[in-house]
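Engineer: All residue numbers in the sequence shown are consecutive under the numbering used here, ending with 412. Below are the structure tokens for one structure; questions will follow.
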Amino acid sequence: MDRRVVITGMGGLCGLGNDAASIWKEMREGRSAIRPMVTSEIHELKGTVGTEIKELPKHDIGRNQLVSMDRLSLLAVLAAREAMQHAGLSCDEGNPYRFGATVGVCGWGWGTVEETYRALFLGGAKRAGIYSAPKGLPSAAASQVSMSLGLRGPVFGIASACASGNHAIASAADQIRLGRADVMLAGGAEAPLVWVQLKAWEAMRALAPDTCRPFSADRKGVVLGEGAGMAVLESYEHAAARGATMLAEIAGIGLSGDAFHIVAPSIEGPEAAMRACLADAGLNTEDVDYLNAHGTGTKANDQTETAAIKRVFGHYAYSMSVSSTKSMHAHCLGAASALEMIASVMAIQEGVVPPTANYREPDPDCDLDVTPNVARERKVRVALSNAFAMGGMNAVLAFKQV
């Protein structure tokens, strides 16, 4: 069985805003949320730049559930609840065993892990908190989304570094395509703004000291952020039967592995994933109007991604709109491609390509139309979203008008 899969609801929160509409509004305006962090527990690293959620939206999640949730899981649940509300769905309306969830994460409950180690090794505590183990699991976010919304169908976590959001959406689409579910909540979440995580990235000399400038010749590296993005995926038949508004269709999925290096990117792996995505969708290169790039702002990533795009799209690469929204919401790791899903779908909905913010200097090795600083009106029938993870795990999604 191979069923069409559509998106009928979206939810999200990050430094740009506490709901999907606010996030898109800031993206469309080209506003970057990157600034020195002031509310996160990063100890002597105060002043490091990133994108923080300054204040969480109001919610009715009870204390008994909150004590069992890392911030990572809370972000995922808030985004999932918004997506379900946006879609006009609840499990009460159908068989809960036909509703599932996949949530992509880059790591685990960083806050819980650091809090536990500090208490034990620095604070003299004799034992860890009773929920320390389940709060820290990479699968915890998917479990909490399932429990919060009553989803009893396929439920699992995905961990593929910075491609986790796209991998989770792809895996959810597969559950629907194969007939295992009618509705899936899918996306990614991350809450990495803790001392140990920032020190780890600092050690790789990958963090930018000022801001994220994808494709700009003066780019200096990655900026980390926290956030979550979730979508309601439905079979076309299920959505049509209830008269749902269909925001976009997941037209194609392309997955590949570099089999190359744990840190350094390759050209061949991303190229293979983009080609596979186009083939899965039955699309020609000229059908793609907008490509949301992985665009991390490192020298190597932006150069290799540009080269891979040129190999796949040929001369048409110069006619297609490209941008990296990480320039605004920063690199939210497991949540990154889920937030970029929101950008891709809304580009189709509104005919607006979000810009690459903070762009200052052309780079001859990154010479595509990267939509510098200002959004552009353009009819977007098909949008591709790239996610290329550390360790060579690549996932590309194609979204199209329904």
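Here a beta-carbon is modelled for each residue, glycine too, at the ideal position from N, C-alpha and C. Here the structure is a predicted model, which is why all the values come from computation and not from measurement.
1) Within the continuous beta strand (DSSP E) that includes residue 24, where are the two ends?
2) Among 319, 408, 324, which has the Cα closest to the Cα of residue 353?
3) Span of the beta strand (DSSP E) holding residue 333?
4) Could you tell me the distance, in whole angstroms, from the CA atom of residue 301 to the CA atom of residue 49?
5) From which residue to which residue does the beta strand (DSSP E) around residue 165 run?
6) For residue 37, which residues from the same chain have a beta carbon less than 7 angstroms from its beta carbon, with the 5 sequence-adjacent residues on both sides left out?
7) Using DSSP with H/G/I as helix, E/B as strand and the rest coil, what is residue 289?
8) By the three-class DSSP mapping on this structure, what secondary structure does residue 225 have?
9) Should residue 272 be labelled buried (16 or more other beta-carbon atoms within 10 Å of its own) or exposed?
10) Once the 5 residues before and after residue 350 are set aside, which same chain residues still bring their CB inside 7 angstroms of it?
11) Roughly how many whole angstroms lie between the Cα atoms of residue 42 and residue 224?
12) Please return the same chain residues whose Cβ sits closer than 7 angstroms to the Cβ of residue 152, not counting the five positions on each side in sequence.
13) Just how far apart, CA to CA, sit residue 226 and residue 21?
14) Contact check, residue 232 vs residue 216 under 8 angstroms by CB: the rounded distance?
15) Can you list, in chain order, the residues of its chain with a C-beta nearer than 8 angstroms to that of residue 289? Leave out the 5 residues immediately preceding and following it.
16) How would you write the range of the alpha helix (DSSP H) that residue 121 sits in, first residue to last?
17) Report the three-state DSSP secondary structure of residue 300 (helix, strand or coil).
18) How long is the line joining the alpha carbons of residue 104 and residue 240, rounded to whole angstroms?
19) When you compare each of 178, 163, 372 to residue 189 by their alpha carbons, which one comes out closest?
20) Ignore the nearest five residues each way along the sequence and tell me which others in residue 101's own chain have a CB closer than 7 angstroms to its CB.
21) Counting only runs that start and end within the stretch 233 to 288, where is the alpha helix (DSSP H) found for 4 or more residues in a row?
22) Return the residue from the list 29, 390, 404, 235 that minimises the CA-CA distance to residue 95.
23) Below 8 angstroms, can you find three or more Cβ-Cβ pairs linking the stretch 385 to 395 to the stretch 54 to 66?
24) Compare the Cα-Cα distances from residue 368 to each of 107, 381, 320 and report the closest residue.
25) Could you check which residue in 198, 78, 92 has the C-alpha nearest to that of residue 69?
26) Give the straight-line distance between the Cα atoms of residue 295 and residue 267, rounded to the nearest whole angstrom.
27) Per DSSP, residue 386 is paired with what?
28) Measure from the alpha carbon of residue 370 to the alpha carbon of each residue in 196, 125, 136, 222, then state which is nearest.
29) Among 397, 53, 309, 122, whose alpha-carbon lies nearest the alpha-carbon of residue 142?
30) Please identify the residue among 220, 130, 14 whose C-alpha is closest to the C-alpha of residue 182.
31) Hey, would you say residue 322 sits closer than 9 angstroms to residue 278, going by beta carbons?
Structural biologist: Concretely, from the data shown:
1) 15 to 24
2) 408
3) 331 to 333
4) 33 angstroms
5) 165 to 168
6) So the qualifying residues of the chain are 26, 335, 338, 353, 364.
7) helix
8) coil
9) exposed
10) A distance below 7 angstroms between beta-carbons, with the five flanking residues on each side excluded, links residue 350 to the following residues of its chain, in chain order: 302, 335, 395.
11) 12 angstroms
12) 111, 112, 113, 165, 166, 167
13) Distance between the alpha carbons of residue 226 and residue 21 is about 30 angstroms.
14) Between residue 232 and residue 216 a beta carbon distance of about 5 angstroms is seen, short of the 8 angstroms cut, so the two are scored as contacting.
15) For residue 289, same chain residues with a beta-carbon under 8 angstroms away, outside a window of 5 residues either side, are 262, 264 in chain order.
16) 120 to 127
17) Residue state, collapsed to three classes: strand.
18) 20 angstroms
19) 163
20) 109, 159, 160, 161
21) Complete alpha helix (DSSP H) runs here, min 4: 246 to 251.
22) It is 29.
23) no
24) 381
25) 92
26) 22 angstroms
27) 363, per the DSSP bridge assignment.
28) 222
29) 122
30) 14
31) no
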